Amino acid sequence: MPAAKIRVCVQLFSFYVLFPLSASFLVHDEHSHSADVLHPGSMPGGWPAAKFREEMDKLKFAYEECVGELRQQAASIQRLEDLVETQGEKIKQLEMVSSQQQRDIEKTALILRHSSMIPDSSPLRPSDVATEKDTPAQDKTVFKSCDDIRSVRPSPVSSDSGSHWIDPDGLGGDNAVQVFCDMSNGATIISHDTEDLVRVNSCPDHGCFKRPVHYRNVTIKQMIALTRISAKCQQQIQYDSCTEESFTRKRAYGTTGNSSSWWTNRNGSSRYYWPVKEKKNAGGVIIDEGHFITNLQDLPVTELHFGPEFGVAGVCSSQFQLGKLICYGRSQGISENSPSSRDSQKGAEMPASRSGYRTKGDSKSSKRSRYQSKPKNPQTGAVSEDAIRLTDAGCTFDLRSSSPQYPPHLIDENNNIIQPILHGKTRIITLNVDEQITVGCLGNRHDKPMSNNTLKATGQQLNGAICTINSTLRVNEAELSYSQLGCTNQNKEILKEEGTCADGRGVLVRVGWNLDSNFIPLYDTCHDRITLGTFYSAHNIIGRSVDADDKSNTRPSFREAGYYPGLDVNAAFGQAQQNKTITRAVGSETLTAKYFNQKKNHFLARGHLAPDGDFIDAGSQDATYYYLNMAPQWQSFNGGNWNVLETAVRHIATTRDLDLMIHTGTFGTMTLTDVNGNQQPLYLALDKNNNGVIPIPKYYWKLIHDPVAGTATAVIGINNPHLDRILPADIICPDVCNRIPWIDSLKWKPTDISKGYMFCCTAEELHKAIPFAPNLSAPLFL
């Protein structure tokens, strides 16, 4: 609104509101006559009251018109302010994406600058600290480790040692880092601020003396990546003689779990195992540890804690030194990008396939290979060469060669299930000497539902255990090998309801394991009690372990678990019943023959939401086979582009070593054209009142979220191979697939309707289109 118009409105306001108080000045310029002007009738020498009211009505109309325009103008200003705020947030997101892309470009430029390594004409002095002249731009190639640099040198010698730039986590990760390279053996050496002698100050409580370790010129992520690509890493802790003697005594008598001193590994977990110079193994043989920590899954050390027995006022006036992180060689049996560590399998707490379940007559819905495991030694089992490489760890369990028929869950002190990693073709679990865990045979027995599943060796469901130097677990004073840790049955999950979901329309069902009074979640699912459909399932993919999944496991049948009263869901998926269901919907067997065609994979399959292939052990895989965690998919979609997407998400989690939070859901009900040319919604079955239940979703969506980086990408597929074309209205959010490199590189046909038309969205746009999807504002997961 122009400024002149605003001034007119202000004047009208003053005139209209104040006029009755001073009306007389218009008539006789006398305030005493104002009441007569407003009185019915006429006023001598003044305006008639009727004319006065007419003029006042005109003023009122003009005034209200001005007020209306002012309000519209205020609303427009508010909308502009909201738009500016929204654009500001988007600019911040774009800046974050641009920053990451810039880092990737810089790394690519470093690698492509020269096609081969040119030895430095004047080697740098041996130093752990970066020099001003030594920058990434001057290095000809950025390798992943010093061993890689040494391998391309014609004849490496000690004099070549010095500071070099390396990039252990590769493109897409942190910036390149500067380290010291010992070219005599290819060792990568990383310094920190605790290499000088540290004196422990006395204090009264457990772990009260705390010394954080700050590493120079390198991020924790790069150091973890370095340990995963190296054949061996080590870090030395040295103490004064009194402290050494104290730790040696504790090692001799075992760990009580109440130790007052510990060190912290890279994941923030406390470790009560202190390496000492000499100790005796179970056979009385003295072993020289040299004070070295060598377990790759713990390094680097991030903090050290000492309790009241150490320090000036304690038993020992303690001093210690923590050595540099040193890594050698190249890990064998692991590809360049393979992960090498362990973590827990946790369920997602925010509201989220492998392919559908295969029945007789179904075509294969997944390329996931499942082979029978080789015969196992009933006692200890043979340990493969891949496992022998890991003997620096206290306990190394080869799951391929020494697993019992029904293996237990090994649970750490934080109630996380310890997962294996893949070394070559071997699935390995490693523990530290003296590490305390729980050996759990969880759930009830399958053959005796009223009885607990228990460890055969003890008859107990939960068993405290300590890892020994002999690669066994001490359970109730007995040393047991992994092959002796058999349960009476496979670990059995439970289902527990925990409130509502999908804005109150669904019930949240959590699937996981009971551990005394604790619950270990595996995945969550949001179930619609009215339509008997599923809104979504949510779970985590553990990148470092997902490729160590148990492929010998056979698929069980899907279970109803009491959530489908009066229905036989399994029968509804039968081929004959599907034929009847479609005929009932479209009113023509001729049309049904067009829609239902096994040769074209045009039939309905059981489509996992949280897929079995995203889970590691057999018990967790089997726990995904509930109809709650499924929705009907056309098989051409299930085995087509959707299967490519699921495989790609697992691959990217593995190669980037990421723990991803995944939400997979459904939206809308697909329709088919009936005999009269009308669109009819399709349901798998009818309830007792002939209402359609278990809708066939029009859309499947998957939200891939990296909670550490704070990024997310949504991918949506249209589950209808019978569409002639895709209309603009079918694309429920702006398609951003071309902005996502890993999506753009997939070998699929995203616009092929028969395989499932696919498009991508930001997390924010997904929530706008599907209100029960996670409310998440994040840059794209690239």
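Position one of the sequence shown corresponds to residue 92 (our numbering), numbered consecutively onward. The C-beta atom is built at its ideal place from N, Cα and C for all residues, glycine as well. Predicted, not measured: the structure shown is a model, and the values here were computed from it.
Take residue i as the anchor and find which of the options has the nearest alpha-carbon.
i, options, result
"Lys789", "Ile807, Ala803, Gly783", "Ile807"
"Gln527", "Asn866, Asp607, Ile182, Tyr364", "Tyr364"
"Pro399", "Gly698, Asp607, Ser337", "Ser337"
"Cys851", "Arg491, Pro870, Ile861, Pro825", "Pro825"
"Gly704", "Ala652, Asp640, Thr674", "Asp640"
"His742", "Pro812, Leu837, Gln327", "Leu837"
"Asn631", "Leu700, Asn692, Gly653", "Leu700"
"Tyr717", "Val602, Asn505, Pro511", "Val602"
"Pro499", "Ile753, Asn582, Gly159", "Asn582"
"Asp821", "Ile509, Met761, Ser542, Leu571", "Met761"
"Ala800", "Cys333, Thr334, Gly550, Ala869", "Ala869"
"Leu658", "Asn781, Ala141, Leu586, Gln329", "Asn781"
"Thr529", "Asn523, Ile557, Ile512", "Ile557"
"Asp238", "Ser422, Glu146, Thr487", "Ser422"
Quick check on the DSSP output: the alpha helix (DSSP H) that includes residue i runs from which residue to which?
i, result
"Cys237", "237-243"
"Ser254", "Segment 253-257 is the beta strand (DSSP E) holding Ser254; no alpha helix (DSSP H) there."
"Tyr716", "No alpha helix (DSSP H) contains Tyr716, which DSSP labels as neither H nor E."
"Asn554", "No alpha helix (DSSP H) contains Asn554, which is instead part of the beta strand (DSSP E) from 553-558."
"Ile673", "666-677"
"Val735", "732-747"
"Asn631", "Looking at the DSSP string, Asn631 is not in any alpha helix (DSSP H); the run it does join, the beta strand (DSSP E), is 625-633."
"Trp833", "832-835"
"Gln726", "726-729"
"Asn661", "660-663"
Could you tell me whether the Cβ atoms of residue i and residue j are closer together than 8 Å?
i, j, result
"Val637", "Ile707", "yes"
"Ile417", "Gln325", "yes"
"Gly298", "Trp256", "no"
"Trp604", "Gly555", "no"
"Phe872", "Asp750", "no"
"Ala629", "Leu775", "no"
"Arg694", "Gln669", "The sequence shown places Phe at residue 694, not Arg. Yes. Within cutoff."
"Asp778", "Ala676", "no"
"Val784", "Leu613", "no"
"Tyr654", "Asn580", "no"
"Leu413", "Ile328", "yes"
"Met849", "Asn729", "no"
"Gly577", "Leu553", "no"
"Thr310", "Asp265", "yes"
"Ser572", "Ser493", "yes"
"Thr745", "Gly595", "no"
"Trp792", "Gly847", "no"
Per DSSP, what kind of secondary structure is residue i in: helix, strand or coil?
i, result
"Ala860", "helix"
"Met761", "coil"
"Asn543", "strand"
"Arg307", "coil"
"Pro788", "strand"
"Pro702", "coil"
"Ala569", "strand"
"Glu526", "coil"
"Thr346", "Note on Thr346: pLDDT 38, under 50, position unreliable in the model; no value is reported."
"Asp489", "strand"
"Ile280", "strand"
"Tyr154", "helix"
"Arg290", "strand"
"Asp750", "strand"
"Pro511", "coil"
"Arg536", "coil"
"Ala696", "strand"
"Lys516", "coil"
"Met274", "coil"
"Gly590", "strand"
"Thr853", "coil"
"Arg144", "helix"
"Lys415", "coil"
If I follow the unbroken beta strand (DSSP E) through residue i, where does it start and stop?
i, result
"Tyr686", "Not the beta strand (DSSP E): Tyr686 falls in the alpha helix (DSSP H), residues 680-686."
"Val806", "802-809"
"Ala639", "Looking at the DSSP string, Ala639 is not in any beta strand (DSSP E), and its letter there is neither H nor E."
"Val600", "597-606"
"Val827", "Element bounds for Val827: n/a, residue is neither H nor E."
"Gln770", "770-772"
"Asn358", "Counting along the chain, Asn358 falls outside any beta strand (DSSP E), and DSSP gives it neither H nor E."
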